[in-house]
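Asks: Chains as they are written, first to last, in our numbering: chain B, 13 to 155; chain Z, 25 to 425.
Questions regarding the structure given below will be posed in turn.
Encoded structure:
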């Protein structure tokens, strides 16, 4: 392989990670929910509600986060809640230090998110579009 | 009762350790602050501090510092507990750690939970996290509003209910507790102690998207005499200016709108008590607005406190309350002249910048132009009324972990 081809491939990989992070919302395949608005999605991840809108009211939503600093995470909250990392952190500081609600559990990678979702009926997470496989169900985002 | 509740929390934590699968979460927050005042005659003591920038030290490195740790233990889906220990400059002038929160939370169903123990007193919109600098845009909660109530927690319980309503969420909170408090007085080494007992509180909020609005009413029986009035207590008692215990109430209305690129926040509060001579009626409000440019949030704020404690201006209230109206007013005028501290009316215009400098750390700068009418509400006066405007420069480093 030519030297510049390698460089090009690395550049492509870096660019696709940095610029083309495309978060999609994923749930357990048995979950009946198929679409959410950005506000409904952010309500679940900010734990403003634990009920899936229009879904089975017995299923308690269990949101999970990717680690702090993850590009997909930052992109997800920018898109869903129009909040950057510091705004989301400040939001949770308000609730955590009052003993009201604790932030979603942080899982290390998209693989861990998929594993958790596959084994937890109410789980909801977000991963990069490229990481989606049959172990999870993609929830469409509607405006 | 208080000790029993504390023990309950300790027991619950101990049970948690013994339990097969408890979840623990350790977290904390803090602030390092520097405040400089252009006035070296009086201390800017912000919210109930014994001293601050000004008379004691024109540049102060201590009064704004806070360190706090919190342990949350989740025993199962029903029972959890919170313990928070805070160290900050207290009314006695030291940093001895105190237990701010120690309570057990019981989830009754997915909409309702009950808490017992030592709880924050949610009289203000940001009461619950008023010590967490990182959670707020500004450097300090507007003193004109946040200095009306001297205590931050009480012992008792509350019930919380949350329900989706329309496109948003409705939250109701009912609390019942007793609160002990201390009021710092720069001229006395020992702070004034007081009690607000049998506090009944009702708090309602509604949030939808970027909007949150809330309304709160609390009442209780107040037992408090400022130490500077003790020499006059006998006279005051005779004219009905002081009663052992008297009903007091607090009303607060607040709203925030935070769509992302900008934010606004405002609150209006009224404090009343039937022994107006000691604890005058006060109303206060603020409006804050900010713009977000990535990690930078410049903001501006205006806050105002209107004190009805100036007896010459408040004869009507005195006549209503006093058994001997004229004598009451007379005593009130003497107190005003000699002790003076009742007119706390004050306005502050603030300009600031929050810079989210790195993960979980915010650096903030704020300029305050403080305009006390006479004594103001933010000052520990030692040399009589402030009687002039004061400029403050503050830098804070806030962090959470």
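Just so it is clear, CB atoms sit at the ideal spot from N, CA and C, and this is done for glycine as well.
1. Does the Cβ of residue 418 of chain Z have 16 or more other Cβ atoms within 10 Å, making it buried, or fewer, making it exposed?
2. Applying the 10 Å Cβ sphere with the 16-neighbour rule, what's the burial state of residue 155 of chain Z?
3. Assign residue 422 of chain Z to buried or exposed, taking buried as 16 or more other Cβ atoms, counted over all protein chains shown, within 10 Å of its Cβ.
4. Counting only Cβ pairs nearer than 9 Å, list the residues of chain Z close to residue 62 of chain B.
5. At least one CB of chain B closer than 9 Å to the CB of residue 150 of chain Z: is that the case?
6. So, does the CB of residue 122 of chain Z fall closer than 9 Å to a CB anywhere in chain B?
7. Please compile the residues from chain Z whose C-beta is within a distance smaller than 7 Å of the C-beta of residue 110 of chain B.
8. Please return the same chain residues whose Cβ sits closer than 7 Å to the Cβ of residue 178 of chain Z, not counting the five positions on each side in sequence.
9. Which residues does DSSP list as the beta-bridge partners of residue 426 of chain Z?
10. Below 8 Å, how does it come out for the segment 81 to 94 of chain Z and the segment 131 to 141 of chain Z: are there three or more Cβ pairs, yes or no?
11. Hey, could you find the ends of the alpha helix (DSSP H) residue 156 of chain B is sitting in?
12. Would you list the one or two residues that DSSP bridges to residue 63 of chain B?
13. If you measure beta-carbon to beta-carbon, which residues of the segment 124 to 151 of chain B are closer than 8 Å to chain Z?
14. In chain Z, which residues lie with their C-beta within 8 Å of the C-beta of residue 45 of chain B?
15. From residue 206 of chain Z to residue 174 of chain Z, what distance separates their C-alpha atoms?
16. Tell me whether residue 50 of chain B sits in a helix, a strand or coil according to DSSP, three-state version.
17. Per DSSP, which residues does residue 187 of chain Z bridge with? Please list them.
18. So, is the C-beta of residue 286 of chain Z closer than 9 Å to a C-beta in chain B?
19. Within the continuous alpha helix (DSSP H) that includes residue 101 of chain B, where are the two ends?
20. Taking Cβ to Cβ, would you say residue 119 of chain Z is nearer than 9 Å to residue 109 of chain B?
21. How would you call residue 166 of chain Z, buried or exposed, if buried means at least 16 neighbouring beta carbons within 10 angstroms?
22. Is it the case that the Cβ atoms of residue 169 of chain Z and residue 279 of chain Z are separated by a distance below 9 Å?
23. Listed in chain order, which residues of the segment 94 to 118 of chain B have Cβ atoms closer than 9 Å to some Cβ of chain Z?
24. Just the C-alpha distance for residue 112 of chain B and residue 106 of chain B, rounded to the nearest angstrom, thanks.
25. Identify which residue in Z/197, Z/407 and Z/188 has its Cα closest to the Cα of residue 157 of chain B.
26. Looking only at C-alpha atoms, which of B/136, B/127, B/122 and B/115 sits nearest to residue 49 of chain Z?
27. Below 7 Å on C-beta distance, what does residue 158 of chain Z contact in chain B?
28. With 16 as the cutoff for other CB atoms within 10 Å, does residue 282 of chain Z come out buried or exposed?
29. Considering only residues of the same chain and omitting the five flanking positions on each side of residue 334 of chain Z, which have a CB-CB separation below 6 Å?
30. Does residue 209 of chain Z have its Cβ less than 9 Å from a Cβ in chain B?
31. Is residue 284 of chain Z helix, strand or coil when you go by DSSP?
32. According to DSSP, is residue 116 of chain Z helix, strand or coil?
33. Closer than 7 Å between beta carbons: that is the criterion. Which residues of the segment 47 to 58 of chain B meet it against chain Z?
34. Could you give the DSSP three-state label for residue 112 of chain B: helix, strand or coil?
35. With DSSP as the reference, please indicate the residues paired to residue 322 of chain Z in a beta bridge.
36. My guess is that residue 57 of chain B and residue 92 of chain B are in contact by the Cβ rule of under 8 Å, so how many angstroms apart are they, rounded?
Replies: Taking the geometry as given:
1. The residue you call residue 418 of chain Z lines up with position 394 of the second chain. Its Cβ being crowded by 16 or more others within 10 Å, residue 418 of chain Z is buried.
2. Along the second chain, one-based indexing puts residue 155 of chain Z at 131. Under this definition residue 155 of chain Z is a buried residue.
3. For the purposes of this step, residue 422 of chain Z is taken as residue 398 along the second chain, with counting starting at 1. Buried is the call here.
4. If you number the first chain from 1, residue 62 of chain B lands on position 50. Those within 9 Å of residue 62 of chain B in chain Z are 134.
5. Here residue 150 of chain Z is taken as the residue at index 126 of the second chain, counted from 1. Yes, residue 150 of chain Z counts as interfacial toward chain B.
6. Here residue 122 of chain Z corresponds to residue number 98 of the second chain, with the count starting at 1. False, the Cβ-Cβ gap to chain B never drops below 9 Å.
7. Locating residue 110 of chain B in the first chain gives position 98, where the first residue counts as 1. Near residue 110 of chain B (Cβ distances below 7 Å), the residues of chain Z are 144, 152 and 153.
8. Counted from its first residue, the second chain places residue 178 of chain Z at position 154. Contacts found: 143, 145, 201, 202, 203 and 223.
9. Residue 426 of chain Z cannot be examined here, being either before or after the span of chain Z that is shown, 25 to 425.
10. no
11. This structure does not reach residue 156 of chain B, given that chain B is present from 13 up to 155, and the question cannot be answered.
12. Stepping through the first chain from its first residue, residue 63 of chain B is reached at position 51. Note: residue 63 of chain B sits in a beta bridge opposite B/72.
13. none
14. As a working note, residue 45 of chain B is residue 33 in the first chain. Neighbours of residue 45 of chain B on chain Z: none; closest Cβ ~15 Å, over 8 Å.
15. Sequence index remark: in the second chain, residue 206 of chain Z carries index 182 (1-based). Sequence index remark: in the second chain, residue 174 of chain Z carries index 150 (1-based). Going by the C-alpha atoms only, they are around 7 Å apart.
16. Counted from its first residue, the first chain places residue 50 of chain B at position 38. If DSSP states are grouped into helix, strand and coil, residue 50 of chain B belongs with the helices.
17. Position 163 of the second chain holds residue 187 of chain Z. According to DSSP, which records beta bridges pairwise, residue 187 of chain Z is partnered with Z/194.
18. Taking the first residue of the second chain as position 1, residue 286 of chain Z is located at position 262. It does not; no Cβ of chain B falls within 9 Å.
19. Indexing the first chain from 1 puts residue 101 of chain B at position 89. Residues 97 to 108.
20. Within the second chain, numbered from 1, the residue matching residue 119 of chain Z stands at position 95. Within the first chain, numbered from 1, the residue matching residue 109 of chain B stands at position 97. Going by C-beta atoms, residue 119 of chain Z is not nearer than 9 Å to residue 109 of chain B.
21. Working through the second chain from its first residue, we reach residue 166 of chain Z at position 142. So residue 166 of chain Z counts as buried.
22. Sequence index remark: in the second chain, residue 169 of chain Z carries index 145 (1-based). Sequence index remark: in the second chain, residue 279 of chain Z carries index 255 (1-based). It is not a contact, given that the beta carbons lie outside the stated cut-off.
23. 94, 95, 96, 97, 98, 99, 101, 102, 103, 104, 105, 106, 107, 108, 109, 110, 111, 112 and 114
24. Stepping through the first chain from its first residue, residue 112 of chain B is reached at position 100. Stepping through the first chain from its first residue, residue 106 of chain B is reached at position 94. Cα-Cα distance, rounded: 9 Å.
25. In this structure chain B extends from 13 to 155, so residue 157 of chain B is not present and cannot be described.
26. For the purposes of this step, residue 49 of chain Z is taken as the residue at position 25 of the second chain. Of B/136, B/127, B/122 and B/115, the residue nearest in Cα terms is B/115.
27. Taking the first residue of the second chain as 1, we reach residue 158 of chain Z at position 134. Result: 102 and 105.
28. Here residue 282 of chain Z refers to the residue found at position 258 when the second chain is read from its first residue. It is buried - the Cβ of residue 282 of chain Z has at least 16 other Cβ atoms within 10 Å.
29. Here residue 334 of chain Z refers to the residue found at position 310 when the second chain is read from its first residue. Any reading at residue 334 of chain Z must be qualified, since the residue scores a pLDDT of 46, below 50, and its modelled position is unreliable; the value itself is stated next. So the list reads 367, once near-sequence residues are dropped.
30. Working through the second chain from its first residue, we reach residue 209 of chain Z at position 185. Chain B contact via Cβ: absent.
31. Translated into the one-based positions of the second chain, residue 284 of chain Z becomes position 260. Correct three-state label for residue 284 of chain Z: coil.
32. By one-based count along the second chain, residue 116 of chain Z stands at place 92. Correct three-state label for residue 116 of chain Z: coil.
33. 51
34. Residue numbering aside, residue 112 of chain B sits at position 100 when the first chain is read from its first letter. Residue 112 of chain B: coil per DSSP, three-state reduction.
35. Sequence index remark: in the second chain, residue 322 of chain Z carries index 298 (1-based). In DSSP, residue 322 of chain Z forms a bridge with Z/377.
36. The sequence position of residue 57 of chain B within the first chain is 45, counting from 1. The sequence position of residue 92 of chain B within the first chain is 80, counting from 1. With a Cβ gap of about 7 Å, residue 57 of chain B and residue 92 of chain B count as contacting.
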